[in-house]
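Chains as they are written, first to last, in our numbering: chain A, 1 to 117; chain B, 1 to 110. Heads up, the beta-carbon is just placed ideally off N, CA and C, and yes, glycines get one too. Scroll down for the structure; my scribbles are underneath it.
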């Protein structure tokens, strides 16, 4: 199993500013992901964070808005740039030990609750 | 992204009662289905990973069944307790990624 921590746990930000969320895993993992849950919606995958290379973004998400770093096998950051009230969501980091392992458990952090005014 | 439906959206259960709810997903190209329990302000907790048609998994008072041919899974809670109050999410595997349903929020009344 993997234990994942996120910082900050919550924040209230002004529109037009940026926030960087940190994700730390207690062991080395192959795959790391970033999700968003907007109010009343399901968990939506933003991107797969690739170690040592650019993240892979899902349709509707772009690097300029959600730059992601993954400098090593235990740490990743997600930045929400030029924020607007529509970015108010819970942002979650997750990790999985093996590449493409459908039967492998994906572990989640506790989330960062972001409110944009 | 797969179309995943969970019903009902929410339900209220009396302590001690049993309940169940549904996850529907595309039956074509099925590989695996994950179930999670998500309590407020906590990390989503993995419950089951299901892969085989007819599979049944159990964890304490919670169990799940899988029908890959018709594209649905049931999750059962037997003898509900207040600590079972949470949102239950299902997520079929799409390539190497999970596609989540909106969840069923269970509230257990003492």
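- Among the bridge pairs identified by DSSP, residue 21(B) is matched with 75(B).
- At the C-beta level, residue 106(A) and residue 2(B) stay beyond 8 Å of one another.
- If you draw a straight line from the Cα of residue 19(A) to the Cα of residue 77(A), it comes to about 10 Å.
- Around the beta carbon of residue 17(A), fewer than 16 other beta carbons sit within 10 angstroms, so the residue counts as exposed.
- In the structure shown, residue 67(A) falls within a coil segment according to DSSP collapsed to helix, strand and coil.
- Under the rule that a run must span 3 or more residues, the beta strand (DSSP E) segments found entirely inside the stretch 32-104 of chain B read 33-38, 45-50, 56-59, 62-67, 72-77, 86-94.
- The Cβ of residue 74(A) sits no closer than 8 Å to any Cβ of chain B.
- For the pair residue 46(A) and residue 75(A), the CB atoms are not nearer than the 8 Å cut-off.
- Check the Cα spacing between residue 37(B) and each of 62(B), 94(B), 51(B): the tightest is with 62(B).
- In the DSSP assignment, residue 12(A) is bridged to 115(A).
- In this structure, residue 87(B) lies away from residue 27(B), with their beta-carbon atoms at least 8 Å apart.
- The beta strand (DSSP E) runs of length 3 or more contained entirely in the stretch 13-40 of chain A are, from start to end of the chain, 19-25, 31-37.
- Residue 22(A) and residue 29(A) have their C-alpha atoms some 16 Å from each other.
- Excluding five sequence positions before and after residue 2(A), the CB atoms of its chain that fall closer than 8 Å to its own CB belong to 25, 26, 27, 29, 95, 97, 107, given in chain order.
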